[in-house]
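Chains as they are written, first to last, in the numbering used here: chain A, 3 to 340; chain B, 3 to 340.
Structure (structure tokens):
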């Protein structure tokens with residue numbers, strides 16, 4: 003029943019959101035020129051507006067629109083804000099794929115793997131500029147509110163960039179502990195999800211106290227979401243993740259299961275001195291990881307964060323079906339199967 | 003005498019500007035963390051605030067501050083705008099150096115050559131966010147003016163990115179003509195210089211007509227400036243440019259002298275099928291280029307644009323010593339020797 007609520011509201015909000023996003027970005031980018039082509043491709047617009055296409059999950063804008071309604075506003079008032087959030091997310095994905103040398107995203111070749119890293123840097127930069135411009139065209143917000151929104155978004159971008167830098171540094175570091183990891187994912191993932199939820203409250207004219215609850219909700223949700231992503235990066239199947247199996251292991255990333263596994267197992271430390279080169283070596287690393295019991299440990303950390311997220315959401319007193327949908331969405335996102 | 007005016011005003015404005023810029027960026031970036039270190043290095047702040055250091059020429063902010071005074075405002079009112087312009091310029095330089103694989107900038111190793119392309123992408127992204135945040139802290143501007151400034155800057159960023167994309171595409175194209183080239187440098191270089199001059203007029207409360215004159219002035223100046231840069235990219239000495247001699251030739255770039263040379267000379271077309279590999283091969287390309295007479299032709303194009311820039315500036319009726327300094331600055335910038 004709960005998944006029905008999300009489905010109903012997603013179908014109400016997202017097509018309007020998507021059409022608005024697409025028209026604003028493409029109207030100010032010559033579609034015949036290279037930058038326009040890359041953005042059109044990356045955003046999944048060439049595949050039509052079907053959810054099973056390259057569109058991505060649009061989770062951050064959905065959170066913004068649901069939080070707007072749950073905080074007492076009308077979701078349409080937040081449509082440009084939701085667009086800005088999604089564009090920032092996608093700017094960071096394009097650059098992230100270059101940095102990680104990822105060849106697949108949402109089951110399709112990444113921008114850099116089609117056009118080269120040099121041009122993909124431009125595509126990300128253009129989306130960053132668009133994320134700002136999209137708010138300029140919004141007439142439902144006062145100049146003061148627009149500036150508040152832009153400030154919160156740019157602060158999140160700065161955290162995101164610092165988290166991204168820490169993530170890349172980890173690959174070269176011999177030792178990374180839980181604190182360093184939490185700090186990194188708060189920047190890389192939680193800061194943008196926190197601003198997605200906070201901005202819904204802001205645009206609804208919620209009290210500062212409520213805004214803080216929505217932000218804290220997004221923050222905890224973001225951390226839980228990244229931990230789940232880390233689990234999927236080791237145990238997720240390609241058909242679920244849209245990426246090759248064991249992708250994070252091949253890139254020798256220091257994600258949470260690996261950080262904890264390296265602390266617990268000499269065998270893993272020896273194995274992980276080099277990235278696994280083929281499917282058999284990936285399987286060996288996974289088997290050793292499983293013997294350390296980190297999957298259960300990491301799942302516990304995830305569930306703790308989910309509990310905090312739900313408590314914070316409850317403190318925000320979300321209203322109506324959108325409030326119910328937010329609770330359901332948390333459970334759905336964190337139940338993502340391997 | 004004219005260069006004395008520029009020197010006097012630069013010494014009055016730039017140290018205040020630089021200190022303001024440095025403190026705003028570094029206060030919100032942990033200097034001990036990697037992103038802070040990269041920005042501190044790239045901006046040249048580690049070298050002290052001496053003009054012969056890695057600081058860069060700060061031409062765009064100087065233009066903004068001079069145009070503000072010349073349009074009847076006080077330069078201090080534009081200090082955050084000038085900071086934003088310089089940060090956007092530097093974000094694009096960091097990404098440009100990755101794209102061009104340039105190892106030197108202002109005579110020092112580039113960010114990517116020290117920290118790797120992956121981290122340099124983050125450094126550029128962080129500067130892009132800072133460029134927006136720096137305006138949020140400005141109290142001398144109304145919310146409406148701040149939004150206008152942000153919009154003009156983001157539109158310039160979009161043009162810049164599209165110009166940058168065209169520039170990279172040119173390397174792979176067999177034929178590039180003068181129109182395509184002009185279109186590319188209008189995006190890559192002129193758009194940000196045009197916004198630097200226009201924003202000075204905007205912050206001074208100049209009429210729309212005057213704003214257009216200042217923008218057109220910056221636009222023509224930007225085109226002339228890039229053409230001069232192209233001349234220096236072939237004939238400039240390393241001690242003047244801070245880059246290796248014939249840098250553009252080694253990267254097989256399609257800059258203006260080369261585009262025109264390729265149109266005129268079969269010998270050059272044959273030679274330029276591959277990038278020159280050593281100093282001797284670079285010299286051969288330069289000799290063949292000179293035989294086509296393109297240096298004179300390109301210099302004529304530059305001088306035509308300088309004339310247009312000075313006419314547009316004159317139509318804006320710039321006031322006082324700042325107005326005189328602008329005229330002097332145009333002549334100084336475009337007189338940059340090889």
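Heads up, the beta-carbon is just placed ideally off N, CA and C, and yes, glycines get one too.
- Ranked by Cα distance from residue 188 of chain A, the first of A:158, A:255, A:95, A:86 is A:158.
- Legend: CB atoms of the region 18-44 of chain B lying less than 9 Å from CB atoms of chain A belong to residues 30, 31, 32, 35, 36, 37, 38, 40.
- Against chain A, the beta carbon of residue 145 of chain B has neighbours under 7 Å at 145, 146, 149, listed in chain order.
- Judged by DSSP in its simplified three-state form, residue 239 of chain A adopts coil rather than helix or strand.
- Look at residue 111 of chain A here: in three-state DSSP terms it is strand.
- Assignment of residue 143 of chain B by DSSP, reduced to helix, strand and coil, places it in the coil class.
- Per DSSP, the beta bridge partners of residue 106 of chain B are B:111.
- Around the beta carbon of residue 113 of chain B, 16 or more other beta carbons lie within 10 angstroms, which makes this residue buried.
- Contacts between residue 153 of chain A and chain B, judged by CB atoms closer than 9 Å, involve 134, 135, 138 in chain order.
- When C-beta atoms of the region 28-45 of chain A are compared with those of the region 166-178 of chain A, fewer than three pairs fall below 8 Å, so the two segments do not count as touching.
- Contact check between the region 63-79 of chain A and the region 195-205 of chain A: three or more CB pairs, one atom from each, fall below 8 Å, which counts as touching.
- With respect to residue 235 of chain A, residue 218 of chain A sits apart: the two C-beta atoms are not nearer than 8 Å.
- Close to residue 170 of chain B, with beta-carbon spacing below 9 Å, are these residues of chain A in chain order: 36, 118, 120, 121, 124.
- Within chain A, 123, 127 have C-beta atoms less than 7 Å from the C-beta of residue 97 of chain B, given in sequence order.
- Of the residues assessed, residue 320 of chain B falls on the buried side of the cut-off, its CB having 16 or more other CB atoms within 10 angstroms.
- Annotation: the continuous alpha helix (DSSP H) that includes residue 302 of chain B extends over 296-317.
- Looking at the backbone, the Cα of residue 297 of chain A and that of residue 335 of chain A are separated by about 18 Å.
- Note on residue 126 of chain A: 16 or more other CB atoms within 10 angstroms of its CB, so buried under the neighbour-count rule.
- For the pair residue 314 of chain A and residue 214 of chain A, the Cα-to-Cα distance works out to about 9 Å.
- Between residue 133 of chain A and residue 83 of chain A, the C-beta gap is not smaller than 8 Å, which leaves the two residues out of contact.
- Sequence-distant partners of residue 8 of chain A (beyond 5 residues in either direction) whose C-beta falls short of 7 Å from its own C-beta, in its chain, are 327, 330, 331, 334.
- Of all alpha-carbon atoms in B:77, B:225, B:274, B:69, the one lying nearest the alpha-carbon of residue 303 of chain B is that of B:225.
- Shortest Cα-Cα distance from residue 147 of chain A to any of A:203, A:117, A:211, A:305 involves A:203.
- At a cut-off of 8 Å between C-beta atoms, residue 179 of chain B does not count as an interface residue with respect to chain A.
- With a threshold of 8 Å between beta carbons, residue 156 of chain B makes contact with chain A.
- Taking 8 Å as the cut-off, the Cβ atoms of residue 278 of chain B and residue 251 of chain B count as close.
- Per DSSP, the unbroken alpha helix (DSSP H) holding residue 71 of chain B starts and ends at 61-72.
- In the same chain as residue 324 of chain A, and ignoring 5 residues on each side of it, the C-beta atoms closer than 7 Å to its own belong to 11, 68, 71, 72, in chain order.
- The shortest CA-to-CA distance from residue 150 of chain B to any of B:29, B:186, B:135, B:205 is the one to B:205.
- The Cβ-Cβ distance between residue 160 of chain B and residue 128 of chain A falls below 8 Å.
- Burial is judged here by how many other beta carbons sit within 10 angstroms of a residue's own beta carbon; residue 35 of chain A has fewer than 16 and is exposed.
- Contact of residue 100 of chain B with chain A is assigned, a C-beta pair being separated by under 8 Å.
- Non-local beta-carbon contacts of residue 223 of chain B in its own chain, meaning distances under 7 Å to residues more than five positions away in sequence, involve 195, 311, 332 in chain order.
- Near chain B, meaning a CB-to-CB distance below 9 Å, the residues of the region 79-94 of chain A are 93, 94.
- Here the alpha carbon of residue 193 of chain A sits roughly 35 Å from the alpha carbon of residue 269 of chain A.
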